[in-house]
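Going by my numbering, the first sequence opens with residue 16, and the numbers climb by one from there.
One structure below.
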Amino acid sequence: MSQQFWKPGSEKPRILEDEEGGVVFFGPSLSSASSSSSRFGYASIGSQRQRLPVYKYRTAILYLVETHATTIIVGETGSGKTTQIPQYLKEAGWADGGRVIACTQPRRLAVQTVASRVAEEMDVKLGEEVGYAIRFEDVTNPAATMIKFLTDGVLLREIMNDPLLTKYSVIMVDEAHERSISTDILLGLLKKIQRRRPELRLIISSATIEAKSMSDFFQTSKKHRGPEDHEFVPKKVPAILSVEGRGFNVHIHYVVEPVSDYVQATVSTVLSIHEQEPAGDILVFLTGQDDIDAAIRLLTEEAHASRKISSGLIVLPLYSSLPRADQDLVFSPTPRGKRKVVISTNIAETSLTLEGVVYVVDSGFSKQQFYNPISDIENLVVVPISKASARQRAGRAGRVRPGKCYRLYTEEYFVNEMSSVGIPEMQRSKLVSCVIQLKALGIDNILGFDWPASPPPEAMIRALEVLYSLGVLDDDAKLTSPVGFQAAEIPLDPMISKMILSSNQLGCSDEIITIAAVLSIQSIWVSGRGVQKELDEAKLRFAAAEGDHVTFLNVYKGFLQSGKSSQWCHKNYMNYQAMKKVIEIREQLRRTALRLGIVLKSCEGDMLAVRKAVTAGFFANASRLEAFSHNGMYKTVRGSQEVYIHPSSVLFRVNPKWVIYHSLVSTDRQYMRNVMTVDPSWLTEAAPHFFQRHRRPDPIVH
DNA sequence: GAGCACTGC
Numbered sequence: 016m017s018q019q020f021w022k023p024g025s026e027k028p029r030i031l032e033d034e035e036g037g038v039v040f041f042g043p044s045l046s047s048a049s050s051s052s053s054r055f056g057y058a059s060i061g062s063q064r065q066r067l068p069v070y071k072y073r074t075a076i077l078y079l080v081e082t083h084a085t086t087i088i089v090g091e092t093g094s095g096k097t098t099q100i101p102q103y104l105k106e107a108g109w110a111d112g113g114r115v116i117a118c119t120q121p122r123r124l125a126v127q128t129v130a131s132r133v134a135e136e137m138d139v140k141l142g143e144e145v146g147y148a149i150r151f152e153d154v155t156n157p158a159a160t161m162i163k164f165l166t167d168g169v170l171l172r173e174i175m176n177d178p179l180l181t182k183y184s185v186i187m188v189d190e191a192h193e194r195s196i197s198t199d200i201l202l203g204l205l206k207k208i209q210r211r212r213p214e215l216r217l218i219i220s221s222a223t224i225e226a227k228s229m230s231d232f233f234q235t236s237k238k239h240r241g242p243e244d245h246e247f248v249p250k251k252v253p254a255i256l257s258v259e260g261r262g263f264n265v266h267i268h269y270v271v272e273p274v275s276d277y278v279q280a281t282v283s284t285v286l287s288i289h290e291q292e293p294a295g296d297i298l299v300f301l302t303g304q305d306d307i308d309a310a311i312r313l314l315t316e317e318a319h320a321s322r323k324i325s326s327g328l329i330v331l332p333l334y335s336s337l338p339r340a341d342q343d344l345v346f347s348p349t350p351r352g353k354r355k356v357v358i359s360t361n362i363a364e365t366s367l368t369l370e371g372v373v374y375v376v377d378s379g380f381s382k383q384q385f386y387n388p389i390s391d392i393e394n395l396v397v398v399p400i401s402k403a404s405a406r407q408r409a410g411r412a413g414r415v416r417p418g419k420c421y422r423l424y425t426e427e428y429f430v431n432e433m434s435s436v437g438i439p440e441m442q443r444s445k446l447v448s449c450v451i452q453l454k455a456l457g458i459d460n461i462l463g464f465d466w467p468a469s470p471p472p473e474a475m476i477r478a479l480e481v482l483y484s485l486g487v488l489d490d491d492a493k494l495t496s497p498v499g500f501q502a503a504e505i506p507l508d509p510m511i512s513k514m515i516l517s518s519n520q521l522g523c524s525d526e527i528i529t530i531a532a533v534l535s536i537q538s539i540w541v542s543g544r545g546v547q548k549e550l551d552e553a554k555l556r557f558a559a560a561e562g563d564h565v566t567f568l569n570v571y572k573g574f575l576q577s578g579k580s581s582q583w584c585h586k587n588y589m590n591y592q593a594m595k596k597v598i599e600i601r602e603q604l605r606r607t608a609l610r611l612g613i614v615l616k617s618c619e620g621d622m623l624a625v626r627k628a629v630t631a632g633f634f635a636n637a638s639r640l641e642a643f644s645h646n647g648m649y650k651t652v653r654g655s656q657e658v659y660i661h662p663s664s665v666l667f668r669v670n671p672k673w674v675i676y677h678s679l680v681s682t683d684r685q686y687m688r689n690v691m692t693v694d695p696s697w698l699t700e701a702a703p704h705f706f707q708r709h710r711r712p713d714p715i716v717h
């Protein structure tokens, strides 16, 4: 091997590093039997439950929850905390008297799988004693459900109707270390709720390194309002309990010298593992589709050149925009004598779990979204991962037996340079949706809200400005009535909500909720590489002169006329999964609209009404073709930024004088995605104040 | 004539 690399296997194995941050209050209770397998080689559900690492802590957990307002559980994967703790609580009586134990998850799939597992363990029908709630699906019975699993987003929505979450006795926030926006808002709100409801218990499940900061956050202020040692008042100092996981050891290997090209280094490492290590699949973490395609190309070439290894490797890509059938390939069992190599984005770090992985190759990078509140532009950039991510990636190698993780960075870099945790999503995102949600919950002082991680004030102010210009907030930054309250009720970006609300008066709500549903998903087309020409031709069959929004209406109509056929989608280069999701979201919007008193009405082909409704939500995203521009350069009305119509738009190369766009993607240029023609007089009509403060649009010239 | 980390309501 030409590269300066360690020799796998030649170095003394290193145990997965760990920096204990938590304070352990309790050890395992001695009384509990930790292993009781049946002598027939099968274990009953009961004894399986007792063999989980968390079982040893059952008594300790129940004691801590009883005596502390907040308990932080530090548990690695495989400890069983998610499935067991809610059951322990129920057994201890926390669900008596019609109360409910809640357990939140960041992802829908996790909610469903954990809920069915627990229902099975308790031998009850899912949706009765044990239920779950995710968007589009409420599988609970209010009269019977004692344990409820739900996404943190759904629990946030529940706070809108029941600000103190009165039906819950204990709320367990699982995977809190992932620090999604929903989790962070939820933690901030739960802390507030706790002050009003001292009997409410919180369990925060977090990774090791985050436990201390989580504990500091829930430590209520030093000025105590009452005596701490009162018999029935739980202690306000959070308890921290560590529970070991059940993963196998993963030996970490570092490169000796920093690598200059991690794609090349990935390929060398995979080949060297394949040549020198015993059977076991390989999981590689790269940043995105480009890297992955390049690595696969290179790996195939090099494996081909050396014929003795080419036969044994099955190389598969994995990323979210990959068609479903291709994604499923990575789950197929590896044939005997072969070795599977899955080259993946971050999707395999938390969202998907691959069995049979023994080797992990970690590039040390991932793509993350960053928001610049000054330019109001979101950027997807390649950044170094955190130690927490590196550990999570390494852990993927130790699920079936002891594994190995090859880090394509030096140990020195890991120890001294890598940050311990990533930047919370809250601090690198647009906050418009987040702010409207808090306003709807009655949080007036947004800037003073007690966040687990404070967002940049500039981003807050930008969000307030947008909401003000939409007429959602008034001069006192309070939700307007009815528009503000109605917009907060619609589970979409406030600009889309405003568009829906305006469609009511314009008589085109039926069309607009379709557009809103399509704008809420990634793309309705199949990903274009390799079939570009065919995809473009397919698009032309639906293209509308007014732009992409009206084109979506044509597509939706065609899909309905086909009887929602998957063959029809295939024939027209449309993503069937995406279209099914459009139907689901549209149905949810239809119900929400009805609740808000919006009468669903079709404009019967009057596209002027549709375009005016779109303008009512997206006037701030207007741009104008530069006079004498021969390359399709536009300038935004708001910031005079140079932008171009994205080549995926039906208006690409049409270059109408005035357009509004749904979003900007930023690569070597700023591209406007989902573009619609507009008459500039509509802009001032839709938001006179906004355009007085900015440059007044010139009269249209044909 | 180009490009999409990942979730979620």
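Here a beta-carbon is modelled for each residue, glycine too, at the ideal position from N, C-alpha and C.
Legend entry - Endpoints, the beta strand (DSSP E) within which I162 is located: Here the beta strand (DSSP E) through I162 covers I162 to T166.
Inset, instruction - Could you give the DSSP three-state label for N387: helix, strand or coil? - result: DSSP, reduced to helix, strand and coil, places N387 within a strand of the structure shown.
Inset, instruction - Might you give, ordered along the chain, the residues of its own chain that have their beta carbon closer than 6 Å to the beta carbon of A503, omitting 5 neighbours on each side? - result: So the list reads I451 and A455, once near-sequence residues are dropped.
Inset, instruction - Mind checking who S220 pairs with in its DSSP beta bridge? - result: I88, per the DSSP bridge assignment.
Inset, instruction - Counting only the same chain and skipping the five closest in sequence on each side, list residues whose C-beta sits under 6 Å from that of S678. - result: Here the set comprises R688.
Legend entry - For I505, the nearest candidate out of G578, V565, V693 and S448 (CA to CA): Distance from the Cα of I505 is smallest, within the candidate group G578, V565, V693 and S448, for S448.
Inset, instruction - Grab me the residues of Q442's own chain with a C-beta within less than 7 Å of its C-beta, minus the 5 sequence neighbours each way, in chain order. - result: So the list reads A468, P470 and P471, once near-sequence residues are dropped.
Inset, instruction - Could you tell me the boundaries of the alpha helix (DSSP H) in which C584 lies? - result: Residues S581 to K586.
Inset, instruction - Taking the CB atoms as reference points, tell me whether M514 and G620 lie closer together than 8 Å. - result: No, the Cβ-Cβ distance between M514 and G620 is not below 8 Å.
Inset, instruction - Have a look at I511 and A531 and give me their C-alpha separation to the nearest angstrom. - result: I511 and A531: Cα-Cα distance of roughly 6 Å.
Legend entry - Pick from G203, A159, R606 and M161 that is closest to I174, judged by C-alpha positions: For I174, the nearest C-alpha among the options comes from G203.
Inset, instruction - Give me whichever residues DSSP pairs with H83 in a beta bridge. - result: According to DSSP, H83 bridges with K250.
Legend entry - Reduced DSSP secondary structure (H/G/I, E/B, other) of Y428: In the structure shown, Y428 sits in a helix (DSSP, three-state: H, G or I).
Legend entry - First and last residue of the uninterrupted beta strand (DSSP E) at C420: For C420, the enclosing beta strand (DSSP E) stretches over residues G418 to R422.
Legend entry - Touching by the beta-carbon criterion (3+ pairs, under 8 Å), the segment 589-603 and the segment 652-667: Contact between the segment 589-603 and the segment 652-667 is absent, because fewer than three Cβ pairs lie under 8 Å.
Inset, instruction - Please report the Cβ distance between Y424 and H268, rounded to the nearest whole angstrom; I am assuming they are in contact, meaning their Cβ atoms lie under 8 Å. - result: With 8 Å as the limit, Y424 and H268 do not qualify as a contact, their Cβ atoms being about 11 Å apart.
Inset, instruction - Indicate the three-state DSSP secondary structure (helix, strand or coil) for C449 in the structure shown. - result: The answer is helix: DSSP assigns C449 an H, G or I state.
Inset, instruction - Just tell me which of V533, I358 and M475 has its CA closest to the CA of Q592. - result: Distance from the Cα of Q592 is smallest, within the candidate group V533, I358 and M475, for V533.
Legend entry - DSSP-derived helix/strand/coil call for V533: V533 falls in the helix class under three-state DSSP.
Inset, instruction - Evaluate T612 with the Cβ neighbour count: other Cβ atoms within 10 Å of its Cβ, from every protein chain shown; 16 or more gives buried, anything less gives exposed. - result: Looking at the sequence provided, one finds Gly at residue 612 rather than Thr. Result: exposed.
Inset, instruction - Measure the C-alpha to C-alpha separation of N670 and S381 and round it to an integer number of angstroms. - result: Take the alpha-carbon of N670 and the one of S381: they are about 35 Å apart.
Legend entry - The beta strand (DSSP E) enclosing H266, as first and last residue numbers: V265 to Y269 is the span of the beta strand (DSSP E), which, as asked, contains H266.
Inset, instruction - List the endpoints of the continuous beta strand (DSSP E) containing K650. - result: In the DSSP annotation of this structure, the continuous segment of the beta strand (DSSP E) that includes K650 starts and ends at M648 to T651.
Legend entry - Identity of the residue in I528, T155 and T128 nearest S617 by Cα: Proximity to S617 across I528, T155 and T128 peaks at I528, based on C-alpha coordinates.
Legend entry - Between the CA atoms of I186 and D167 - distance to the nearest angstrom: About 11 Å.
Inset, instruction - Kindly provide the ranges of any beta strand (DSSP E) runs that are 3 or more residues long and lie completely inside the segment 118-149, ordered along the chain. - result: The beta strand (DSSP E) runs of length 3 or more contained entirely in the segment 118-149 are, from start to end of the chain, 145-149.
Inset, instruction - Would you list the one or two residues that DSSP bridges to E393? - result: Answer by DSSP bridge pairing, in chain order: Y386.
Inset, instruction - Have a look at A48 and T74 and give me their C-alpha separation to the nearest angstrom. - result: Since pLDDT at A48 reaches only 36, below the 50 mark, its modelled position is unreliable, and the value read off the structure follows with that caveat. So the two alpha carbons sit approximately 13 Å from each other.
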